[in-house]
Every structure is written in structure tokens, then in C-alpha cells.
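Notes to accompany the following structure.
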């Protein structure tokens with residue numbers, strides 16, 4: 018171990034006890050990090066990326082077993098170190114960690130000052146010195162008016178500000194290594210861009226090493242030197258960011274890059290990775306990606322795959338590495354071309370949904386005796402969706418897009434303005450008539466299905482409710498619908514918690530389509546899903562749109578998804594629609610400043626490589 | 002392969018190939034349910050205790066060796082058969098007026114079960130209705146229900162129950178009604194918060210979007226998701242109600258003598274608690290058995306019926 022090495026992990030295994038047997042959350046993890054280096058760990062949910070970080074910080078859930086060939090940090094043997102020493106020397110001092118959810122990472126009953134200075138004061142610094150450093154760091158992370166903020170409580174800060182405070186707090190004790198676990202996932206894209214930039218700056222200034230854990234390839238590409246791709250608890254490929262993401266050798270890395278909806282145009286199909294992440298309880302021998310891999314052969318199943326070194330730092334774990342001749346980025350550009358070649362669906366003049374001058378104001382008051390004040394959630398929004406057309410509503414959190422969605426669904430009434438479905442005012446429609454015109458698909462597949470009902474009942478419910486079909490018809494139609502969304506017959510008796518996120522979203526789509534509505538209103542339908550599953554769902558929605566002649570209103574914050582699916586785009590901010598137009602025009606030549614800011618904030622691979630070149 | 006087929010394959014790939022003939026899914030579900038029941042010791046123990054007590058209550062006339070009200074002053078305060086001076090004629094001894102203690106315990110099971118389940122059901126009806134309405138509708142209804150709750154919590158329960166029984170006059174049904182009418186706060190608190198949480202979830206919005214009415218949403222979407230909590234509170238309240246009946250009877254305003262009730266038996270035995278402890282210990286043990294059985298059964302039912310366990 019030379020003196021520039023900071024962290025060395027060799028052959029780390031983490032096993033969690035579950036009812037079904039031991040779950041191998043991390044297997045054969047190797048990692049080394051030099052001082053000041055930034056490593057990105059990329060993977061989908063269940064890939065073991067967070068578990069690796071938790072193992073390092075001794076934050077594993079109770080019952081978890083950790084085994085490692087070597088686990089060294091700056092000359093300390095972390096495996097042999099007693100908990101008390103670890104808490105006194107490493108946790109927070111040597112290695113600091115920031116988490117995904119800024120809303121719950123700060124203790125709501127203490128002031129920012131108390132939380133920031135706690136560790137330094139406990140280590141013997143005077144309160145005044147600690148406060149001085151807190152002020153300096155808050156200023157460095159660009160929190161406005163630091164002196165005032167020190168006296169604030171967490172609920173008085175926005176999500177972005179809280180994440181800045183978390184970063185400043187992590188830096189109080191000058192750690193050598195910062196572990197950031199999905200630090201920007203819960204934040205809006207414009208805030209995400211600022212936080213990533215800030216992390217890069219601070220790393221330079223403090224000479225700190227960083228492990229950035231994320232599911233977003235573009236975020237990694239823009240923020241780190243080296244990337245490790247994890248899947249099913251194993252690292253599959255590692256190397257300099259530019260090599261791994263620009264010219265991946267492992268089929269999984271390539272698949273991930275291809276299924277991210279990026280530059281590829283409208284109607285271009287995403288190359289979704291089939292299947293779902295395998296169970297890590299009693300995993301099959303051989304390559305962990307084998308069951309989903311198009312290139313897998315019999316020898317892939319014959320025991321563990323050794324690492325193949327690639328260049329000075331890189332390696333991959335695959336017997337059938339992908340040829341270098343076809344870089345992933347170029348492939349993506351090609352699909353973009355073919356996408357443009359297909360004629361976009363011609364929206365007819367038949368207007369399915371028209372909303373005119375929608376305004377919705379919420380009246381709130383603080384406590385019983387507080388003065389009521391008004392929050393204008395939607396402000397004079399007008400929107401039209403034609404037959405067979407997909408309109409995307411883009412906006413950040415708090416822009417009013419979800420309130421607008423509820424109004425368009427008829428679940429909430431606007432204060433002013435009118436919604437017409439199929440030319441008739443929605444206020445005059447009965448619930449049953451409305452249900453046949455518009456159906457929703459929601460964001461969170463975990464809360465959008467009643468956990469107490471089996472899938473068959475959930476899908477059949479809309480038909481059963483309106484009492485038009487007999488039991489046999491109901492069952493036949495349900496099975497047909499499940500088949501159409503790509504689910505096997507046997508899920509009809511499963512409960513939602515037995516399905517994966519992607520499968521649940523398919524059930525939600527089946528329920529929405531069984532009434533054959535004219536408009537499908539999708540509120541962030543893929544943002545809770547892994548990127549490979551997202552591609553499957555987007556492809557499915559596109560197929561169903563063609564088959565059923567659906568119109569779609571797609572509410573999202575993800576510009577990549579908009580590019581993939583939208584004919585027209587409406588950009589929302591603070592309750593107003595600031596720009597609308599054909600997708601190509603709005604995304605390529607935005608006319609409103611905010612749209613331009615939104616677009617430039619989205620991290621892209623192309624941007625990362627352009628910067629590096 | 003067309004694009005559509007590929008998308009379908011993507012969803013199907015992770016799952017096993019569909020079997021040629023459709024298996025009997027309902028039978029599989031039943032089997033899975035009984036497998037969970039077999040794996041749950043607490044549930045089995047609770048069910049066994051309650052079924053045994055139920056059998057005792059139903060078959061009391063055949064099980065009891067003596068008439069529970071027959072006095073024989075010659076055999077007063079006999080100890081149980083196994084202690085010195087006991088007789089095998091009176092297995093668990095006799096009380097102050099020479100009634101067979103075992104027979105009185107057996108008949109007392111009837112009273113305790115009827116009061117426990119009756120009062121818990123009345124409380125359940127009141128509490129769940131109020132809780133679901135408050136949680137789902139919010140606003141003024143919620144404020145009103147919360148006020149009712151605060152008032153109820155501020156009242157001294159036992160005192161109020163005593164006063165009410167005193168005014169109306171003691172009888173079994175009055176006791177059940179009053180205990181039930183005073184024990185609904187747990188149901189309310191639990192169902193109100195859960196309903197508030199459930200109301201926000203997307204599946205409720207989805208139900209509204211397919212045109213469900215409020216009543217349909219409450220019955221079909223909300224209530225099934227409250228079932229687990231209601232079961233737990235219910236069995237807990239059964240125990241509380243049995244104890245409340247015992248307390249009222251002990252204080253003389255519950256079940257009236259000579260009806261055999263466990264609480265009344267403890268009350269009557271308290272004079273002799275130091276030199277005839279079994280007079281208090283035996284009905285006390287019976288009460289304990291019933292309460293623990295109800296709680297074990299409730300926890301077990303919650304475990305085997307909750308969807309999270311169906312993996």
C-alpha cells in the first residue's frame with residue numbers, strides 16, 4: 018500500500034438475513050481509491066452500491082454479515098478496528114457521508130448551528146471556532162445569509178438548501194473521503210446541476226476523495242474520474258469514466274447506456290434490457306447478468322467470471338466483451354437518425370382534451386388563529402391534446418403540474434377556467450362517463466395499487482364497478498389486458514407486493530386501459546423505476562398508444578423521457594405554462610429563459626465527453 | 002419479432018414460462034394460507050385457548066359437575082381437591098356459601114366471552130366509523146370527532162360507567178352496552194391516522210378516476226387496509242372489556258349475584274384472600290387465560306392475513 022492510497026477494499030462480501038435465506042447483497046467487491054480521487058459507483062436498485070457504502074460506514078442493517086479480504090482506510094485496518102475507535106476516529110472525521118433524502122437527514126428539533134458544530138465541539142474545538150468554520154462552510158456551499166441560516170431549523174430550508182447544509186456539515190471535520198449516496202436524486206434538475214458543480218469545486222479546494230453513488234450515468238460522467246458499474250451485488254466493469262461510458266466492454270454497461278432515453282428522437286425504440294434484476298437469495302453460479310444477457314453462452318454459467326484487465330486502471334468481468342468498433346455514443350446517434358426518419362404521428366384536428374385558463378388557488382393558514390394566505394398552484398394554464406397525440410408537461414417540483422393533472426382528471430375542481438373532454442365540459446360528466454374518457458397512471462407503483470386486493474381484481478375493478486360485464490367476460494378481458502401489458506396469466510392472483518416496480522406499473526397501465534379511455538394521463542410514470550425498466554415501460558406505452566389510438570398527457574421532470582415520447586411540450590413554472598410548442602422546437606430552440614436553463618441543467622454523456630475532450 | 006412482441010417478452014422474461022393448463026389458483030391460495038397458519042405458534046396457541054373457552058361456555062350445562070347456584074352450607078370454603086382437606090366431589094373447592102367453584106368458573110366463561118366480544122364489537126362499530134369519517138373527510142368532521150375524542154378521554158371511565166349502570170340499572174346487556182360505549186378511543190385513534198395516510202395514496206385517486214363513489218372507496222379501498230389494525234385493537238379491547246366487566250362486578254355495579262361472573266367471584270373472594278387464596282387466584286387465572294388468548298389470536302391473525310407476509 019503506497020502512501021497515495023486512501024481506501025482499499027478487497028473481496029468484500031455482505032450478506033443479509035431474510036426469511037427466504039441469506040441474501041448476498043454484495044459479492045466480491047474490489048475497490049481502491051487514491052487521495053483526492055473521485056469514483057462513481059453506478060447501478061440500478063438492488064445492485065449493492067449503497068450496501069457497499071453502508072458497510073464502509075458500519076451502518077449495515079442489524080443481522081448483516083460482513084466479510085472482507087482487506088478493508089483498509091489510510092493505514093487503519095477497518096475490519097479489526099473496535100466500534101468505539103471507529104466512531105471516534107473514522108466516522109464523520111475521516112469518512113463523511115451524505116444521503117439521498119435531504120428532508121430527513123437533518124434532525125428537525127435542533128438548529129442548523131447545533132447540528133453543524135456538534136462533532137467539532139465534541140472533538141474539543143471551542144464553540145466560537147466551530148461556529149466560525151460553520152459560517153465559512155455555509156458561505157462556501159453558497160447558502161445565502163449564513164449567519165441567519167445558522168439559527169434556522171431544518172423545516173425553514175428548501176430541499177436544495179438542506180442538501181447544501183448536509184454537505185457543509187460533512188466538511189466541518191475536513192474528512193479525507195466523502196461518500197455521497199444519490200445526493201441529487203431527490204432534487205430538481207436545476208438544483209442538481211448546482212450541487213454537482215459545488216461538489217466538484219469543494220473536492221478541488223479540500224483535496225478530498227469522493228465516492229459518488231448514483232443510478233444516473235450522466236451524473237457520474239459529469240462528476241467523477243473513475244466509474245464502477247455494479248449489478249446484482251457484483252462490480253461488472255470499472256475504469257476511467259471516459260473509457261467505461263464511451264466504449265463499454267460489458268454488455269450490461271452497454272445496455273444501460275442504450276436504454277437511457279437521451280438524444281434518441283420520438284418514435285425511436287429504446288433498447289430495453291429484458292427481464293428484471295435477479296434474486297440475490299441463493300444466486301445461480303456464473304455471470305450475475307447472464308440470465309438477461311443476449312450474448313450469454315453455456316460457459317457463462319460455469320462458475321465465477323474472473324476480471325479481465327483492460328488498461329492501466331480498467332477491467333471488466335465478462336467472457337464475451339463487446340467489440341470496441343461500435344462505441345455506445347455513436348450507436349445512440351444512429352438510433353436518433355432512424356427515429357427522425359419515421360414520420361411522427363399526425364395529430365388530427367380532433368381535440369380530446371382542452372383546458373382553458375385553469376386557475377387553482379389553495380387557501381392555507383398557520384394554526385387556527387393564523388391569517389389565511391393564498392397559494393396559487395395553477396395560474397391561467399391552457400392546454401390542448403389532440404387525438405393520438407402525446408403532450409408532455411415539464412416542470413420542477415412545486416410548478417403545479419400535479420395539481421393540473423388532478424384537475425384534468427376531474428379529481429379536483431378549478432377555481433376558474435374550464436376543462437373539456439371530447440368537447441364536453443368535464444363538470445357536467447358523470448363519474449362513469451368521465452372514467453371512459455380519461456384514466457391515470459401514477460408515479461409511485463407502490464402506492465397506486467391497493468395492497469389488499471389481488472391483481473386480477475385490481476385490473477377488473479373499473480369494469481366491475483360499472484357493472485357491465487359478467488364474471489366470465491370480466492375474467493377474459495382481464496387476462497387479455499394483462500397479456501397486452503406483458504404480464505403472465507398467473508399474476509392475476511398475486512398481490513401487488515409480490516411484484517416488482519415495473520410489473521406493478523404494468524398492472525396500473527392495464528387497469529387504466531381496460532375501460533378503453535381516449536386519454537391516458539401519466540403523472541411521472543417511470544420516475545420511480547430503474548432505467549432499464551423505464552425503457553420497457555416507455556416502449557410499452559408507445560405500443561399501446563398505436564394499438565388503442567390513445568392520446569397521452571405525460572407529466573414529467575425528465576427531459577430524456579420528453580424527447581423519447583412527446584409530440585408537443587408545455588413547460589410549467591410556478592403554476593404558469595411559460596412555453597409550449599412542438600417537442601423539436603422547444604427542446605432545440607427554447608424561446609423562454611427558464612426552458613433554456615432547464616435544458617442546460619440536464620447532465621448528458623455527450624456534454625461530459627465534450628468537456629473532457 | 003415485432004416491437005410489440007419484444008416489449009411483451011421483456012415483461013415475461015423474468016418469470017417462469019406459463020404452464021400449459023391453468024392451475025387452480027384458489028386452491029393454491031388456500032394452501033398458502035394454511036401453511037402460514039401452521040407456521041405461526043402464537044396464532045395456534047391463541048386459537049386453541051379461545052376455542053377451548055368457547056367450548057366450555059357452550060357446553061357448560063354438560064361440563065359443570067354441580068349446579069353453579071346450589072348452596073350447601075355444610076361444605077363452605079372447601080379447598081381444591083389436591084390440597085389438605087379438599088374433596089374430589091368439589092374439584093376446585095367451594096365458596097363462602099358452599100357453591101361448587103369449578104361449576105361457577107365454567108358458567109362464568111359465558112358471561113366473560115359475551116361481555117368481551119359484545120363490548121369490543123360495539124366499541125369497534127363506534128370507533129371505526131368515527132375514525133374513518135374523520136380521517137377521510139377531514140376538515141370540520143375531523144375537528145368534531147377530535148373534540149369527541151378529547152371529551153371522552155377527559156372523562157373518568159370507571160366512574161362514569163358506575164354512574165350509568167346505577168342510573169339505568171344493572172343487567173348483562175346494560176353492562177355490555179356501557180363498556181362498549183366507553184371503549185372506542187383506540188379504534189378511533191388508530192383508524193383515523195391510517196385513513197389519513199391511505200387517503201393520500203394513489204390507489205384512492207385511481208379509484209376516484211374510475212368513477213368509484215365515496216361509499217365504494219371507503220368500503221372497497223380504505224377498510225380492507227385497516228383490517229390488520231382493527232383486528233389487533235379488537236382483540237386487545239376484548240381483554241380490556243373482560244377486565245372492565247370484572248372491575249364493575251367487583252365494585253358491585255356489574256353482573257349481579259348470584260349469576261356466576263369471574264369478576265364477581267374475585268369480589269366475593271376478596272374477604273378471604275389471605276387464608277383462602279384460590280377464591281381469587283382461580284378466577285384471576287381464568288381471566289388471564291382469556292385475555293392472553295385473545296391477544297395471541299389477534300397478533301397471529303394480523304400476521305397471517307397481512308399482504309406483506311405473502312411472499
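Chains as they are written, first to last, in the working numbering: chain G, 18 to 630; chain A, 2 to 312. We put the CB at the ideal spot given by N, CA and C, even for glycine.
Segments assigned alpha helix (DSSP H), at least 4 residues, entirely inside the stretch 401–446 of chain G: Counting only runs of 4 or more, we get 418–426.
Give the C-beta separation of residue 157/G and residue 119/G to the nearest angstrom, bearing in mind that I take them to be a contact with Cβ-Cβ under 8 angstroms. In fact, because the Cβ distance is near 18 angstroms, the residues do not count as touching under 8 angstroms.
Tell me which residue opens and which closes the alpha helix (DSSP H) that residue 317/G is part of. Run containing residue 317/G: none; DSSP gives neither H nor E here.
If we define contact as Cβ-Cβ less than 8 angstroms, is residue 300/A a contact residue for chain G? no
Closest Cα partner of residue 397/G within the set 52/G, 372/G, 332/G, 563/G: 372/G
Start-to-end residues for the alpha helix (DSSP H) that takes in residue 249/A: 224–251
List the residues of chain G whose Cβ lies closer than 7 angstroms to the Cβ of residue 210/A, in chain order. 426, 428, 452, 456, 457
Contacts that residue 206/A makes with chain G (C-beta to C-beta distance below 9 angstroms): Listed along the chain, the chain G residues whose CB falls inside 9 angstroms of the CB of residue 206/A are 423, 426, 428, 457, 459, 465.
Could you name each continuous alpha helix (DSSP H) segment of 4 residues or more that falls completely within the stretch 120–160 of chain A, going from the start of the chain to the end? 140–155
Determine, for residue 113/G, whether the minimum Cβ-Cβ distance to residues of chain A falls below 8 angstroms. Chain A contact via Cβ: absent.
Looking only at its own chain, which residues have a Cβ that is under 7 angstroms from the Cβ of residue 35/G, when we skip the five neighbours before and after it? In its chain, beyond the 5 residues on either side, 298 have a beta carbon closer than 7 angstroms to the beta carbon of residue 35/G.
Span separating the alpha-carbon of residue 209/A from that of residue 428/G: 7 angstroms
Name, please, each residue of chain G whose Cβ falls closer than 7 angstroms to the Cβ of residue 30/A. Correct list: 510.
Name the DSSP bridge partner or partners of residue 325/G? Per DSSP, 333/G.
Strictly under 8 angstroms for the Cβ-Cβ distance: is residue 370/G near chain A by that measure? No, because no Cβ of chain A sits closer than 8 angstroms to the Cβ of residue 370/G.
Taking 8 angstroms as the threshold (beta carbon to beta carbon), is residue 304/A in contact with chain G? no
For the stretch 143–161 of chain G, which residues have a CB atom closer than 9 angstroms to at least one CB atom of chain A, in sequence order? none
Taking only three categories from DSSP, how would you classify residue 379/G? strand
Please confirm whether residue 189/G and residue 136/G have their CB atoms less than 8 angstroms apart. Remark: C-beta atoms of residue 189/G and residue 136/G approach each other more closely than 8 angstroms.
Rounded C-alpha distance that separates residue 559/G from residue 409/G: Cα to Cα, residue 559/G sits roughly 14 angstroms from residue 409/G.
Excluding five sequence neighbours on each side, which residues of the same chain lie with their C-beta closer than 6 angstroms to the C-beta of residue 235/A? 121, 125
8 angstroms contact criterion, which residue 502/G and residue 557/G should meet: CB distance rounded: Yes, they are in contact, since the Cβ atoms of residue 502/G and residue 557/G sit about 6 angstroms apart, within 8 angstroms.
Can you look up residue 539/G in the DSSP assignment and give me helix, strand or coil? strand
Contact between the stretch 107–119 of chain G and the stretch 185–204 of chain G is defined here as three or more beta-carbon pairs at a separation below 8 angstroms; is this criterion met? yes
Contacts around residue 499/G, its chain only, beta-carbon distance under 6 angstroms, and the 5 residues preceding and following it disregarded: 527
Would you kindly report the start and end of the unbroken alpha helix (DSSP H) that includes residue 281/A? 279–306
Under the criterion of a Cβ to heavy atom distance below 7 angstroms, does residue 70/A qualify as lining the ligand ATP? Although the ligand ATP was asked about, the structure shown includes no ligands whatsoever.
Taking beta-carbon pairs under 9 angstroms, can you tell me which members of the stretch 143–171 of chain A lie near chain G? none
C-beta contact flag for residue 512/G and residue 462/G at 8 angstroms: Contact check for residue 512/G against residue 462/G fails: the beta carbons are separated by 8 angstroms or more.
Taking its Cβ as the centre, do 16 or more other Cβ atoms sit within 10 Å of residue 100/G, making it buried, or is it exposed? exposed
Does the Cβ of residue 41/A have 16 or more other Cβ atoms within 10 Å, making it buried, or fewer, making it exposed? buried
Using the beta-carbon count (16 or more within 10 Å), is residue 208/G buried or exposed? buried
Minimum length 4: unbroken alpha helix (DSSP H) runs contained in the stretch 46–115 of chain G: Within the stretch 46–115 of chain G, the complete alpha helix (DSSP H) runs of at least 4 residues fall at 66–73.
Cβ separation of residue 115/G and residue 183/G, assumed to be a contact under 8 angstroms, to the nearest whole Å: 5 angstroms
Using a Cβ-Cβ cutoff of 7 angstroms, what residues of the stretch 191–204 of chain A are near chain G? List them in chain order. 202, 203, 204
Pull up the DSSP beta-bridge partners for residue 25/G, would you. DSSP lists 49/G, 89/G as partners of residue 25/G.
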